[in-house]
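Residue 157 in the working numbering is what sits at position 131 of the sequence shown, and the numbering runs on without skipping anything.
What follows is a short report on a single structure.
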Amino acid sequence: MDSNGNGNGNSNADRDDGTEAPRATPHLLVVGATGALLPAVRTATARGATVTALARNAAALRDLERGTGGAARPLARDFEAPGLREALSRAARDRPFTGALLYCPLATPATVRTLTGAVPAGRPVVLLLTSAHAAPEGEVDDAGPWDPAFLPSDARPTSGCRLLVLGWRTRPEGSRWHTAEEISEAALRLLDAAPPGDAVLGRVRPWPTRPSA
């Protein structure tokens, strides 16, 4: 699979005359398209994908649409507003989503399930989680390794969803949060990963090294 959302099922098929059928254009759903995942949208569209870019900022989405030559299709809305399922269905009417990158830390669990459910089963969905999901709860020693497998089962909205927990980077002068470029690169890498799995970007231990907000 590549970061356009292609999997083995999207490989070129041979025609009866021995030529290859054209590959369908990948179609990614990206939530957080004008923020943390903006570089991911630019990378995916530069590689030939179509992106349905969901964000609240309509002006920023219009700029993104122009900047990608129309490959990023704006879907300006609050994802908690009524009608999300219908809006996603319309966006995928002509071409189903082949994958998704979702950064929506303020979304309710029901909204996250709606977003992940818009992608056909078997297609890759990467859900980005903030470091708060890795917060120690009564741990005597939080300096040991941490893994997304420690998360409660309800952190994963669907069985096939891949989790990317956003940690931080430590430097001699202090810790810092990751940039949008670093987050996007990690998200695309996880989208491409075979076999599929979860990942932590940076570190989430020791907890006292976590940057201040």
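No residue lacks a Cβ here, since even glycine has one placed at the ideal position from N, Cα and C.
As the structure is a prediction and not an experimental result, all values here were calculated from the model.
Nearest in C-alpha terms to Pro150, of all of Arg202, Thr71, Arg68 and Thr184, is Thr184. Between the alpha carbons of Trp203 and Pro222 lies a gap of roughly 25 angstroms.
Restricting attention to Glu199, Ser157 and Ala161, the CA atom closest to the CA of Gly228 is found in Ser157.
In the structure shown, Leu132 adopts coil according to DSSP, grouped into three states. At the C-beta level, Ala181 and Leu190 stay beyond 9 angstroms of one another.
For Gly125, the secondary structure class from DSSP, reduced to helix, strand or coil, is strand. For Val226, the pairing in a beta bridge is given by DSSP as Val191. Arg182: not part of any beta strand (DSSP E); DSSP gives it neither H nor E.
DSSP, reduced to helix, strand and coil, places Trp233 within a helical segment of the structure shown. By the beta-carbon neighbour count (other beta carbons within 10 angstroms, threshold 16), Thr60 is buried. With respect to the C-alpha of Val56, the residue from Arg88, Ala136 and Ala213 having the closest C-alpha is Ala213.
Annotated as distal: Leu141 and Leu192, with beta-carbon spacing of 9 angstroms or more. The Cβ atoms of Pro100 and Ala75 do not sit closer than 9 angstroms to each other.
In the three-state reduction of the DSSP assignment, Leu54 falls in the strand class. Thr235 places its beta carbon less than 9 angstroms from that of Thr196. Within the same chain, and ignoring the five residues on either side of Pro135 in sequence, the residues whose Cβ sits closer than 8 angstroms to its Cβ are Asp180 and Pro183.
By the neighbour-count definition (other C-beta atoms within 10 Å, threshold 16), Pro198 is an exposed residue. Around Val230, the same chain offers Ser157, Ala160, Trp172 and Gly193 as residues with beta carbons nearer than 6 angstroms, after the five sequence neighbours per side are excluded. Just so you know, the alpha carbons of Gly170 and Ala86 end up roughly 41 angstroms apart. Using a 10 angstroms sphere on the CB of Ala70, the tally of other CB atoms reaches 16 or more, which defines it as buried. By the neighbour-count criterion, in which a residue is buried when 16 or more other Cβ atoms sit within 10 angstroms of its Cβ, Ser210 is buried. With fewer than 16 other CB atoms across the displayed protein chains lying within 10 angstroms of its CB, Pro122 is exposed.
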